[in-house]
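Asks:
In the UniProt record's numbering, the protein residues as written are 1 to 786.
1) Can you tell me which of 200, 289, 429 puts its alpha carbon nearest to the alpha carbon of residue 558?
2) How big is the Cα-Cα spacing for residue 300 and residue 184?
3) Which residues does DSSP pair with residue 184 in a beta bridge?
4) I'd like to confirm the pairing. Which residues does DSSP put opposite residue 143 in its beta bridges?
5) Note the first and the last residue of the continuous alpha helix (DSSP H) segment covering residue 219.
6) For residue 343, report the span of its beta strand (DSSP E) as first-last.
7) Can the beta-carbon of residue 196 be found less than 7 Å from the beta-carbon of residue 359?
8) Note down, in chain order, each residue of its chain lying with its Cβ closer than 8 Å to the Cβ of residue 365, except the 5 sequence neighbours on either side.
9) Quick check on the burial criterion: 16 or more other C-beta atoms within 10 angstroms. Buried or exposed for residue 769?
10) Quick one: is residue 420 buried, meaning 16 or more other Cβ sit within 10 Å of its Cβ, or exposed?
11) Along the chain, where does the beta strand (DSSP E) containing residue 247 start, and where does it finish?
12) In whole angstroms, what separates the C-alpha of residue 337 from that of residue 308?
13) Tell me whether the beta-carbon of residue 132 lies closer than 7 Å to the beta-carbon of residue 139.
14) At which residues does the alpha helix (DSSP H) containing residue 517 begin and terminate?
15) Taking only runs of the alpha helix (DSSP H) that begin and end inside the segment 352 to 423, which ones reach a length of at least 4 residues, in chain order?
16) Using the beta-carbon count (16 or more within 10 Å), is residue 89 buried or exposed?
17) Can you find the residues in the same chain that come closer than 8 Å, C-beta to C-beta, to residue 339, ignoring five residues on each side of it along the sequence?
18) Whole angstroms is fine: what's the gap from residue 218's alpha carbon to residue 560's?
19) To the nearest whole angstrom, what separates the beta carbons of residue 249 and residue 176, a pair I think is in contact under 8 Å?
20) Can you tell me whether residue 193 is helix, strand or coil according to DSSP?
21) Pull up the CB-CB distance for residue 846 and residue 737, whole angstroms please, since I reckon it's below 8 Å.
22) Taking all protein chains shown into account, decide if residue 521 is buried (16 or more other Cβ within 10 angstroms of its Cβ) or exposed.
23) One question on the structure: do residue 438 and residue 542 come within less than 7 Å of each other, judged by their Cβ atoms?
24) Just the Cα atoms here: how many angstroms apart are residue 717 and residue 524?
25) What are the boundary residues of the beta strand (DSSP E) that residue 312 is part of?
26) Here's the rule I'm using: 16 or more other beta-carbon atoms within 10 Å means buried, otherwise exposed. How should residue 397 be labelled?
27) Check residue 254 in the structure and name its three-state DSSP category.
28) Given 8 Å as the limit, is there contact between the segment 351 to 358 and the segment 205 to 217, that is, 3 or more CB pairs closer than that?
29) Does the Cβ-Cβ distance between residue 809 and residue 247 come in under 7 Å?
30) Is it right to say residue 633 is buried, meaning 16 or more other beta carbons lie within 10 angstroms of its own, or is it exposed?
31) Would you say residue 578 faces chain C, with C-beta separation under 7 Å as the test?
32) For residue 543, does the three-state DSSP call read helix, strand or coil?
33) With a 10 Å radius around its C-beta and 16 neighbouring C-beta atoms as the bar for buried, classify residue 407 as buried or exposed.
34) Short check: CB of residue 152 to CB of residue 287, under 7 Å?
35) Please report the straight-line C-alpha distance between residue 599 and residue 501, rounded to a whole angstrom.
36) Using a Cβ-Cβ cut-off of 6 Å (strictly less than) and excluding sequence neighbours within five positions of residue 150, which residues of its own chain qualify?
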């Protein structure tokens, strides 16, 4: 067998000497790049023996069949002065020592013979793979996912790895569900398969084909539709390398038959869900007789793994390339660099398949092809199905070992998650009547307790929404806001002017009449009743909101009991609302019916306002003793003392001229309202100041009254509605619902909750088994796996 040696063994002008004293050292020289079109050299070693003088090194050129043998000289030194190859820029070498007593061949660093690992580790991950398929894709397991287009030869690669025909074949889309393929090396000669959905039933390889088709049709339908639900297939054979692969549907572009028009998008989405897992190794299968740049598999892999850190490229149909062409640059990573490299394989042709050519025969032909090929024989140690299987085995095993801590952590988190969910669903309903009654009482008491806790606040951090008692406090602060900002906006200056003049009547007075002030302030205080009653309604709404929140957390499993608790609680709260509103109305009425102008705070504000008004008048006007004025022109009380005479205008004397419009009976009914009520003249400056002062005095007293109403309203609502509800709710629930005759009816469980509880129990069992299997002893793996 001829094996490639780089023509750059000797760099420019340098002579390499191969010595063989006592057969202690054999030198193996390889090159990482073979792009030169100049001479290629091959060597063969055989019968290395201490006493054998027939050692030969065969040197042949690529374009010549002439072979020149060189005998070693007497001092056993072989010298070769080789020309420099300018296109090879890297030279790797490795020295190996062999026993002089054994005949052996040189081994390459990447030769995987007798180095298969993972016999104890892969079964663990296989079991986890089965468990993950049962509970969904919540565990990001390390796995190799096979992707490729329909015509890439993906199915043939999988069958080559197994060594048997076992996949359904046909036109169009055949693989319509992901297939989790677990290869297990058995000790005996028997070969069989088992499916995850059928238990321990053994299938022949022909039976495997039929079961895959039947199970696919059962889930995805008889047509050409696809389903993301995987099929788990375990192969047991003495001829396989331990390995786990996930076969995905082939990428197709044109829908056929009754396939969905977006079939390509659906397939790509399914594949993406698998390969976007950071623990996934992507096995991108591409036909060598197509442009690698346009490969669907390579494009999808690069979208998810742009640096090529976890992608293995597989070139199929390498024997069908056009004459004179080869894929060496691709296989050596010069075209598309992948950290895990490319592997070339030869599959059975359609003619071979039709003739039922055995796969083991094809594998022998594959090896012969690479051995005899003038280009590929130099990378013989890195080509073929056997190398691909061993490479995948080592990469996956190392990847599993590296990701074990993460998988363990995920399983622990999932166990905690489902345990918490199971607690929410509660234990199954007990059988004994007394236990059922106890369970009913516990739920009634728990509901009332949770209601109280939500009102008083709890330790749960919620940064998204204000809830519970905090919302009620917000209602208290905003209920009177509108009335507090502009309470006298409805009262115009003209109305106050009329009130002041009406207060004077026929006589002038030194003070604002108490009745006038009381009437104005009373009407405004009564306006506080509406927001106060609205406040109690809003608080009731918040209490009902809390009830809904409590029942959704604790009573979802018992819909009948939930409805009855909500009904009773609603009735209790609404019964408390009426007496609360009555008390609120009473305190507003009390505030409006007794206007206490002797309130200390009001007196302080009034003195400040009076002093400010007097100072303004002294600085603006020269004080003169007011002259007697007609009754309609006289100002009243304290306002007159502060602002002086009522008006600066003088009235013209009335005449008896019949033409005077004021005395004309025919014109009387056409007078303006102001003229009819003595307000025909414009407002004087003094009147404006009087109105301004009156507004300020009203505002000063209103602030006191509004504070009293708001403060007392909050206290009444808290005492009569909130605190009362906290104390009577539990008693009312127990008195109305804790009845042994109602237990069976009230504890009728929601079927959906029962199903979710059973699902949680099922998943917890699987996860605990997975955790136990991970705790088993795992053998240490070699450091240099690839």
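Ideal placement from N, C-alpha and C gives every residue a C-beta, glycine not left out. Keep in mind the model is a prediction, meaning the values are calculated, not measured.
Replies: This is what the structure holds:
1) Of the listed residues, the one whose Cα sits closest to residue 558 is 429.
2) 29 Å
3) When beta bridges are read from the DSSP output, residue 184 appears opposite 236.
4) 280
5) 205 to 220
6) 342 to 344
7) no
8) 346
9) Taking all protein chains shown into account, residue 769 has fewer than 16 neighbouring C-beta atoms within 10 Å of its C-beta and is therefore exposed.
10) The residue is exposed, with fewer than 16 neighbouring Cβ atoms inside 10 Å.
11) 243 to 247 is the span of the beta strand (DSSP E), which, as asked, contains residue 247.
12) Looking at the backbone, the Cα of residue 337 and that of residue 308 are separated by about 7 Å.
13) yes
14) First-last of the alpha helix (DSSP H) with residue 517: 514 to 526.
15) 359 to 372
16) Any reading at residue 89 is ruled out, since the residue's pLDDT is 35, under 50, leaving its predicted position unreliable.
17) 307, 308, 309, 310, 311
18) 38 Å
19) 6 Å
20) In the structure shown, residue 193 falls within a strand segment according to DSSP collapsed to helix, strand and coil.
21) Nothing about residue 846 can be read from this structure; the chain reaches only from 1 to 786.
22) buried
23) no
24) Approximately 22 Å between the Cα atoms of the pair.
25) 311 to 316
26) buried
27) coil
28) no
29) This structure gives no information on residue 809, because the portion of the chain shown stretches from 1 to 786.
30) Model confidence at residue 633 stands at a pLDDT of 38, short of 50, so the residue's coordinates are unreliable; what they give is reported in the following sentence. Buried, since its Cβ has 16 or more Cβ neighbours within 10 Å.
31) In the structure shown, chain C does not exist; there is a single protein chain.
32) helix
33) buried
34) yes
35) 27 Å
36) Around residue 150: 250, 252.
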